[in-house]
Amino acid sequence: MYLARNLGAYWITVVLLALLGGVATGVLAARQPPSYRSEVQLLVTFVADGAGEAASSPPPDAGKLMQRRVKSYASMMNTPRLTVPVIESLGLPDTPAQLADAIVASSPLDSLAIDVSVTYRDAQTTAAIAEALAVELQRIADRDLAPAGLGAKAKASVVQPPAVPDRPEAVPWPLHVAGGVLGGLLIGVGVALARSYRRDGTPVQADVRTVWKAARERWRSSQRSEGGADEAETAASAG
């Protein structure tokens, strides 16, 4: 009741701040530079160490060992082990941490594939980064030793090469606007409550004031009733 009453008193402020938040985030989203995305997919296979052929009798847990190695490769795609060589080879102005934020890599469950997605501010550079990451992972796989207990080396191959994107990524307008409206709404509610607290105090203080006011009115009413009764008795006695 207290919250509804005070929010209703300042509903114009709440609505205006919510609209202002939505417009502000929409303008900021419109002024963001365009970003492009390019994807590359790699497949990790395992060949007998030093023989160049598939192992004839793999161990019972070979599948788990292979997937563990693939998962480790996917998790290192945005680490300095790959981002630093890519930055140096392409002459990028980014730091390893900045480039890492532009890279998303994953490996589907029960799969030896690695999906890599790169989002960057230039179309040509986006595809070049994805290609450089694939090349660097292939080098790492060639240098790595075979997983312990497997006896087969990993080999990474590109099965879906990156392509130069022909258009920038779409801006998620609804999310930006919804976030701005929600933020403005929360600020508006906070302003309304702060102004109401300043005027009436907290809900507990407001309730105490209401009870005290009601008690005083009741006491005054009873006093007036008693006074009227005394006057009536006095008049009757005098008559």
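Quick note: the sequence shown, position 128, residue 128 per the UniProt record's numbering, numbers continuous. Note that CB positions come from ideal geometry on N, CA and C, so glycine has one too.
Given a cut-off of 9 Å, decide if residue j and residue i are closer than it, judged by their beta-carbon atoms.
i	j	result
Leu43	Ala113	yes
Arg139	Tyr36	no
Arg69	Ala194	no
residue 254	Ala24	In the structure displayed, the chain extends from 1 to 239; residue 254 sits before or after that span and is not available.
Gly188	Leu16	yes
residue 248	Ala74	The displayed coordinates of the chain run from 1 to 239. Any statement about residue 248 would go beyond what the structure contains.
Gln41	Val159	yes
Pro162	Ala130	yes
Enumerate in chain order the residues of its own chain whose CB-to-CB distance from residue i is below 8 Å, with the five nearest sequence positions on each side excluded.
i	result
Pro34	Arg121, Pro168, Glu169
Leu19	Val181, Gly184
Could you pull out every residue in the same chain whose Cβ sits closer than 6 Å to the Cβ of residue i, ignoring the five residues on either side in sequence?
i	result
Glu39	Ser117
Ala156	Leu42, Val44, Leu137, Gln138, Ala141
Gln67	none
Should residue i go down as buried or exposed, given a rule of 16 or more other Cβ atoms within 10 Å for buried?
i	result
Ala132	buried
Glu217	exposed
Val14	buried
Leu92	buried
Leaving out five residues on either side along the sequence, give the residues of the same chain with a beta carbon under 7 Å from the beta carbon of residue i.
i	result
Asp94	Ile87
Gln124	Val164
Gly179	Thr25
Pro85	Glu136
Residue i lies in the alpha helix (DSSP H); which residues open and close that run?
i	result
Leu65	62-75
Glu88	80-90
Ala105	Ala105 -> not in any alpha helix (DSSP H); beta strand (DSSP E) instead, spanning 103-106.
For the beta strand (DSSP E) containing residue i, list its first residue and its last residue.
i	result
Ala152	152-160
Glu39	36-48
Thr125	Where Thr125 is concerned, there is no enclosing beta strand (DSSP E), although the alpha helix (DSSP H) it sits in stretches over 123-143.
Would you please state the rounded distance, in angstroms, between the beta carbons of residue i and residue j? I believe it to be under 8 Å.
i	j	result
Leu150	Phe46	7 Å
Ala100	Thr83	6 Å
Thr119	Ala102	5 Å
Ser107	Lys71	6 Å
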